[in-house]
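If you're matching positions, the sequence shown starts at 881 in this note's numbering and goes up one per residue. Note sheet for the following structure.
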Amino acid sequence: MIYGLSTIIARLVNFILTPLFSRKLSTAVFGIFTTMYSYASLLNALLAFGMETTFFRYIQKKEDNKQAVYNNTFLIILAISLCFLLLVLLFKQEIAHFMNISDPDLSRYITYFALILVLDAIAVIPFAKIRADGRPLRYGMIKLFNIFIFVSCNLFFIVFIPWAIKTDLSIAPYFSTWYHPQWVGYVFLSNLIASAVTLLLMIPELLKLKLRFNGPLAREMFSYSFPILIANFSFIINENLDKVFLGQLLPDDIAETQVGIYGLSAKLAVFLSIFIQAFRLGAEPFFFSQAKEKNSGQTYAIIMDYFVIAMAIGMFGLVANIEILKYFIAGSSLTTSMENWKGLSIVPILLLGYIFLGVYVSLSIWYKLSDQTKYGLYISGTGAIVTIVLNLVFIPSYGFIASAWITMVTYACMMILSYVLGQKKYPIPYHTFKNLTYIVCAIILSWLSFSVFGRNLIIGNGLLLLFLIGIYLKEGPQLKQLLGYKRR
């Protein structure tokens, strides 16, 4: 629970920072912000090399040799990360030219992100060890401190320094010699500082490492992790490549603004993304621990039921209140705000896509439990192909609207493919019709609230209340039984 809770808090705090960024940075500059983090997500999957999932799997399989599993997974990531850092530092000018972003400091941003990615990658296995050792409080505290440092640095660079200069504090002349308003690099520098501090906090875990590499075990682990790496990379392509394509395929005079609008609108759908990530962090170790239980299939099906219900409520709740949420991405003026709000129509589409993604994440446990990770590669690879082809075809004509629809279609394809293959290879008795019913209800209610009733808050929340009552009447008795309550 705490693993998921710390992730929720971290992502929520990042969401709360969105108004700060949208008011202090222009839409085009926010487009640079979005593009850089999209590239970072793609590279993060490569550096992790599927070793987090491999670690959890192999400490179950090699209970008598957990130290070797810890050593191997960490050393593999460390070696990959150091090679990556060297290559980026050697070729950062060429990388900057390829990225085609009109910012003279792009090579500096690339250096920042290379260091961020390496520091974060090195921390992956120590974090996984903390989870495996059952120390959620330590895990949560480190994650929260990371966010505290990130937020504090952002407030210092983006709020305090401009205020100090404006009010002519005694230190203002010093700040004036180097401070650049509207410089998005301060956000990246804040991230770098937070990542460095986080790794320092994990020194106790790092000291438990032994620099011994088990070659035979490593070969076995690579055979397990490589399909996961490709699957994870394909998965990240599905989530982030659209933003990269927007910057590359649209005309230079509108590309960064379009990416900025899309990135800001996607922030409003971030709650479901947060929930899915928290679910994955908490559920994956649990699924592995239940694999040998007699009724594990029924347990997985029940978890899916309530996961779908929660996502359906989340989707419609966000759509019903989008007239309030849109102020989180307002600009510094009415003109900038209207520019940022041009993407509101894609929010329901992205939310539906996240529901499909969430179902896929829950379904994907079948190929991990059965050691058939190659199917994760096939499914995510199919999604990546769909993403790449459709974005190349439709982005030049339809811009970020196409990106949103393609994201939804891609996740739907992955969900369906995983379900069909899973029922053949590792059958789990999911309540498919019931789950589809809740998803369809959320779609219809969201359409009514957004399009038919013009995003009216009263009507939207009235429909939300009816939806909640209906769910309670249908699910209440079973939920009480699961929680151990008795009818009186």
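All residues carry an ideal CB built from backbone N, CA and C; glycine is no exception.
Item	Value
Per-residue DSSP class, three states only, for S1070	helix
For V1064 and F913, the rounded distance between their alpha carbons	7 Å
Same chain only: Cβ atoms within 7 Å of T1015, ignoring 5 sequence neighbours per side	A quick correction: the sequence has Arg, not Thr, at residue 1015. Closer than 7 Å at Cβ, skipping near neighbours: no residue.
Cα-Cα separation between A1163 and Y1186, rounded to whole angstroms	13 Å
Spatially closest choice to D1000 from P1042, M1082, I1259, by CA coordinates	M1082
Own chain residues within Cβ distance below 8 Å of N951, not counting five before or after	L1089, K1090, L1091, R1092, F1093, N1094
Member of A1044, F1030, V1077, V1039 whose CA lies at the smallest distance from the CA of A1003	V1077
Alpha helix (DSSP H) segment containing V838, residue limits	One cannot answer for residue 838 here, as it falls past the ends of the chain, which runs 881 to 1368.
Beta carbon of M1184 nearer than 8 Å to that of N1315	yes
For Q1116, the three-state DSSP class (helix, strand or coil)	According to the sequence shown, residue 1116 is Ile rather than Gln. It is helical.
Limits of the unbroken alpha helix (DSSP H) element including H977	946–979
Rounded C-alpha distance that separates R1367 from V1199	Confidence in R1367 is poor, its pLDDT being 46 and thus under 50, which makes the residue's placement unreliable; the coordinate value appears in the next sentence. Going from the Cα of R1367 to the Cα of V1199 covers about 35 Å.
The region 1118–1131 contacting the region 1280–1293, beta-carbon criterion three pairs below 8 Å	yes
Reduced DSSP secondary structure (H/G/I, E/B, other) of L1087	coil
G1256 versus F1196, L897, Y1104, residue with shortest Cα-Cα distance	Y1104
8 Å CB neighbourhood of L1359 in its chain, flanking five on each side removed	Y1186
Cβ shell of I1029 (< 7 Å), same chain only, five flanking positions each side left out	I1073, A1074, V1077
Minimum C-alpha distance to Y1299 - residue among T953, Y1247, A920	Y1247
Pairwise C-alpha distance: L969 and L962	11 Å
Contact between the region 1253–1270 and the region 1318–1325 (3+ Cβ pairs under 8 Å)	no
Residue from V893, T1216, I1339 whose Cα sits closest to the Cα of A908	T1216
Pairwise C-alpha distance: T1287 and Y1278	14 Å
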